[in-house]
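Protein chains in written order, with our numbering: chain A, 11 to 365; chain B, 687 to 1765.
Where a beta carbon is used, it is the ideal one built from N, C-alpha and C, also for glycine.
Since this is a predicted model, take the numbers as computed values, not measurements.
Single-structure report; data block below.
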């Protein structure tokens, strides 16, 4: 004796937010029923456990049916459905992700290999495996779709997945990191949050990619501008030319004197720090060094400053003058490249300079 | 050539990938009508092809126009092998044949495949040019309007009600043809779909012809059914009420100046008792039982037709009633009345009306329920062109009904319906209705001149109680009943209980609220074949009907009510059992006497333990009655006894009663009629069965607080509906274990199944509280030996709790809601502002979210908001109706989406705690509204309706009712009658049977909505699912399902809006030009 079939279909879909979240979080039907029972739904509605089970199964089935649509949301807008707004709302939830999880896979290849490691990540982050899989698949789906598209990355993601602006930017960051395989997993980078990286990715996309100059190329927002990277080599003159280096240092020091407590450390470390930043720029033609971009920033610049106890304000002051002083150097001819480089570096370091 | 049909294929979208290699499709379209086929060019390598074809023109007879559907097939071109079918669209062009209905069909239709479901959409334009044909002998009936609605449609006035029309057509079922063995399931399904579409068209045309012959122009209460008789064929039959309808000019309330016009056609067989033997077909195996029960009181006398010899020894329920009282001078009037009407109505072969609610004054008296059932053995239909056998079967049943009505002193049957239940070769035909007397003034002979009959009929009895007065002569009652003087007017006699199949007349005086009352019954039967089986079934039927009535009566008394409306008794036959389900809405009619309590009596008085047991049960029953009284707010006004005739029959009268009674029943009751209390209803506990019955009586749980339910159009006692509606279909199949089941065990399972289903609805719809489930329509079936299937379609409607008691003076349903909107507008605006300013959920919102986010509700309203920005204010209605095109709709809402994105981001991080998350969501939506880029006036009114869930107009609303609360129907676009088959060979992959059926029903909804939208409509009223046949074979991973749905496509506007000034015929044009612009 058993209920063999049990369906409830409304002209507009009835969706229980709580159950939807449980489903997204990867609860099984039975676990979800338990959670709901503990939540006290039953007492409020004079219902029995059977009713709750039936309702939960029904909701889960509805979500599974919607899932197909959510995978290609562009179609969703044209469905002969009374549920369009509801689907939109569920869409945002569906494509939402846990920062803890994304931090683990950021910059990794979205391959089968990574997918196999998901249970480790699940154990580490406390996100259920099912939810990990959904998030992973979402990343992969978005990555695959936008990979072949022309035009601005964020806009493409928004168009194809009907996501919110913010969420689309986050996905753009994930796609960008995945494509360039930036290293984010090292211990030294652990203190950085996904939002830090997402911000940096935004800076890089807007200033360093091909799309920053030409907006109709394929992969324009995903690949860094090769020509620009080549030009970065020219910046080396700032550290190889002794006169230039000294001149730069004295300009910066004059500007900073008396304005900060860390002045002594700044003066002492100037050459080191400058070498660090310019070397990073010069090496970016190598794919390997691009991957290490963030770790290099931390090792070569952020860590020394932190050990000297610079405040964030110090950092801002220093970098501003460091950048601006280069313009005054007579023999330094690469102002445009310098600005394009330092603009991004500055904002990235500001964002990354915290505990 | 009286007609030219033109079709244009514009574009497709979201087509499936048909070529794995390129992940694309080379699609083209075949457009077929009759035997003519046109093709579009192949649109290479695209999932969103733009064909933009020329106009394909078909020059056809209007007869074909009515019968045939336009068939559109989308195919994938293949150079080397056969072209693959993607799917089909059948378009019924009947709505285009009415000058008043739609003028163009234009829109995106889901492309449907019986194996894969919906696969993309296609944009089609269809037009018809009709030439006038005055040929007297034509076979077509273009222009006759059809309505599923079982009342006079809202924007029409009935100039004349002509009466009953019926027709049936039969054919071989393609599924059972020899060719089916060699063709694919797809081909077979499509053949079936096409055939049924053809047959429906033919049926409508034939009915239309009959209507024209009678001088009418419309069919109201059109009820079409399929009988899938398996090997023996396929029957499509329909009944309806022919009317002459006049369109009501805008604004004025439907004038109810109704005339029933006697059928001028010579009534050949006006004889009262049908000569059954003459009509008995040789094909029917002579095994037939019809029996009726004028379900008027407990004492329903069982009338068995003469040539069926089942003795019914247990039918001694006469003892449970008590006597009647003699009438005074009411007699002569009634006779007079009858004389007037008889002449008019009795000329008619069948004075039946499929309507369930009537213009005021139409219905004079109601006698009671009349029903007839007959068991038949199916045999192959040898000659599809002459469906005489089936006709004869129904003819018999209708004659039976007619004579029952006559026995109740009535000349007409209203709320009439017919149904069948088929298992293998056995078929139960059922018909039921309510015997009634209709207003004689409206039936004057030759009242064709409408103008002269404007003066109101002076009704001898007030409308609020008149229909309850007995139509029969109390000296010569067809069955014993206890009569009293009407508690309302005190002038005429009323029965103690009243059962009817119609809706509660809107003018009826009701005390308190009503509720759904169901009687459920299972009876096991032995498996058998042929005649033995049929005899066994017909032997069981009277007992089942009797028990169902007893249950109904008990439950009615338990709820302290005295009348049932919308009674529908369904008996389904399976291989080893019969299922009976009776649903009705119980009410307390003020005019009828208060029901007495239920008294328990033991078989063996003196046994102390037994006595004690009885006492406890008695106490429980009394408690329940008291509780129900409170629950349904039944506080009848106290009446002084002296004003009434004594309800206690004097001995002299009683003896007379006996005498008249003995005429119809050969077994005279031996029981003491005056069992202590005067109107107590006695239940005897003499065996375990009875104990069981009483327990089941008490187990029916009342709906949770805030919920009401009924199976009529609206709930008696609730008058102020708000605009929130949610239509739903639910199906449950229960598998019985094959352990030895007893009748009791089975009953319990069946009862639990129905009760749990109701509980599930209450739980699912808890966000709509306070709300009422209306038009709860249960359909039971026994698809296989161990399966019980229950399918329910209903609509949940919200109402305003505070004003629920008051009954507005007139047109109650239409008014309340608009007023409420006005009232609530202000506070709501306020709270939206507050919430956005403080970034705190407003109290209004948080109040409702504790249970669950009313996301569905909120979103439903959002839909309206999206819908409107692009629509110019001035042409609001016409363009709104037209703009249901989904493509442009999506474009238009992009700005809105933007906002939603913005807001929704804040809620994406949800914890498991419900309340917090839901609040934030609700908040985000409410603040979203605040910044919606709408013109001020528009957004204001939209916001106001928000809290009621679903504001006035969403994309396409659906409801089984004939109206939408707070919304005015301004135009009927034609009938929607669709039949779909879905089959799968990958049941597991589709989520099992539940997943399969769930997606199928959702697809059916989507297709109905798309067709309505293409007609330019924005709602479906009187929607019903006539058929849902599911066959499964999980072992083979296969399932097949057939669904038949119908309804009326309409254009409606919010009550507050003005009638559009733009000519409605232009809608189509503007709509399609808008499409062109958008695509």
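Check                                                                                                                                                                                                   : Outcome
Does the stretch 266-276 of chain A come into contact with the stretch 309-324 of chain A, if we say contact requires no fewer than three beta-carbon pairs (one atom in each stretch) closer than 8 Å? : yes
Could you check if residue 50 of chain A is buried or exposed, using at least 16 other CB atoms within 10 Å of its CB as the buried criterion?                                                          : exposed
Output the residue ranges of the alpha helix (DSSP H) runs that lie fully inside the stretch 722-775 of chain B and measure 4 residues or longer, sorted by chain position.                             : 748-753
Tell me the DSSP bridge mates of residue 794 of chain B?                                                                                                                                                : B:809
Report the rounded CA-to-CA distance for residue 923 of chain B versus residue 54 of chain A, giving the unit in angstroms.                                                                             : 47 Å
When you compare only the Cα positions, how much space is there between residue 1197 of chain B and residue 1252 of chain B?                                                                            : 18 Å
Please list the partners that residue 64 of chain A has in chain B, where partner means a Cβ-to-Cβ separation under 7 Å.                                                                                : 1446
Okay, do the stretch 1220-1228 of chain B and the stretch 1045-1062 of chain B touch, 3+ Cβ pairs below 8 Å being the bar?                                                                              : yes
Report yes or no: do three or more beta-carbon pairs, one from the stretch 888-906 of chain B and one from the stretch 792-808 of chain B, lie closer than 8 Å?                                         : no
Could you check where the beta strand (DSSP E) with residue 1179 of chain B kicks off and where it finishes?                                                                                            : 1179-1181
Give the residues from the stretch 1674-1704 of chain B that approach chain A closer than 7 Å (Cβ to any Cβ), ordered along the chain.                                                                  : 1677, 1679, 1680, 1681, 1683, 1684, 1685, 1687, 1688, 1691, 1692, 1695 and 1696
Taking DSSP as the reference, what is the three-state secondary structure of residue 321 of chain A?                                                                                                    : coil
Taking DSSP as the reference, what is the three-state secondary structure of residue 348 of chain A?                                                                                                    : helix
Buried or exposed: where does residue 337 of chain A fall if 16 or more other Cβ atoms within 10 Å of its Cβ makes it buried?                                                                           : exposed
Which residues mark the beginning and the end of the alpha helix (DSSP H) in which residue 151 of chain A is found?                                                                                     : 139-157
Report all residues from its chain with a CB closer than 7 Å to the CB of residue 1087 of chain B; omit the five preceding and five following residues, and keep chain order.                           : 1056, 1058, 1099, 1117 and 1119
Only counting runs of 3 or more residues, tell me where the beta strand (DSSP E) segments fall wholly within the stretch 1232-1262 of chain B, in order along the chain.                                : 1249-1259
With DSSP run on the structure shown, which of helix, strand or coil describes residue 1080 of chain B?                                                                                                 : helix
If you draw a straight line from the C-alpha of residue 121 of chain A to the C-alpha of residue 321 of chain A, how long is it?                                                                        : 41 Å
Using the Cα positions of residue 284 of chain A and residue 196 of chain A, report the straight-line distance between them to the nearest angstrom.                                                    : 24 Å
Tell me where the beta strand (DSSP E) around residue 1198 of chain B begins and ends.                                                                                                                  : 1196-1210
So is residue 811 of chain B buried or exposed if we call it buried at 16+ other beta carbons inside 10 Å?                                                                                              : buried
If we count Cβ pairs, one from each stretch, closer than 8 Å, do we get three or more for the stretch 124-142 of chain A versus the stretch 159-176 of chain A?                                         : no
Given this structure, state the Cα-to-Cα distance separating residue 1634 of chain B from residue 1447 of chain B, to the nearest angstrom.                                                             : With a pLDDT of 30 at residue 1634 of chain B, under the threshold of 50, the modelled position of this residue cannot be trusted; read the value that follows with caution. So the two alpha carbons sit approximately 19 Å from each other.
Rounding to the nearest angstrom, what Cα-Cα distance links residue 31 of chain A and residue 25 of chain A in this structure?                                                                          : 11 Å
Would you list the residues sitting across from residue 1415 of chain B in a DSSP beta bridge?                                                                                                          : A:19 and B:1479
Mind checking the stretch 40-51 of chain A against chain B and listing, in chain order, the residues whose C-beta falls within less than 8 Å of any C-beta there?                                       : 45, 49 and 51
For residue 1658 of chain B, count the other beta carbons within 10 Å of its own beta carbon; 16 or more makes it buried, fewer makes it exposed. Which is it?                                          : buried
Using a Cβ-Cβ distance under 8 Å, would residue 1801 of chain B count as near chain A?                                                                                                                  : Past the boundaries of the shown model lies residue 1801 of chain B; chain B is included only from 687 to 1765, so the question cannot be answered.
Do the CB positions of residue 757 of chain B and residue 890 of chain B come within less than 8 Å of each other?                                                                                       : no
According to the Cβ coordinates, are residue 1656 of chain B and residue 1707 of chain B closer than 8 Å?                                                                                               : no
Please list the partners that residue 1463 of chain B has in chain A, where partner means a Cβ-to-Cβ separation under 8 Å.                                                                              : Correct list: empty, because the minimum Cβ distance to chain A is about 15 Å.
8 Å is my cut-off, CB to CB: does residue 1419 of chain B come that close to chain A?                                                                                                                   : yes
Go through its chain and collect everything with a Cβ distance to residue 142 of chain A's Cβ below 7 Å, but skip five positions before and after it.                                                   : 111, 128, 131 and 132
Determine, for residue 21 of chain A, whether the minimum Cβ-Cβ distance to residues of chain B falls below 8 Å.                                                                                        : yes
Since I believe residue 1462 of chain B is in contact with residue 1264 of chain B (beta carbons under 8 Å), could you give me their beta-carbon distance rounded to a whole number of angstroms?       : Actually they are not in contact, since the Cβ atoms of residue 1264 of chain B and residue 1462 of chain B sit about 22 Å apart, beyond 8 Å.
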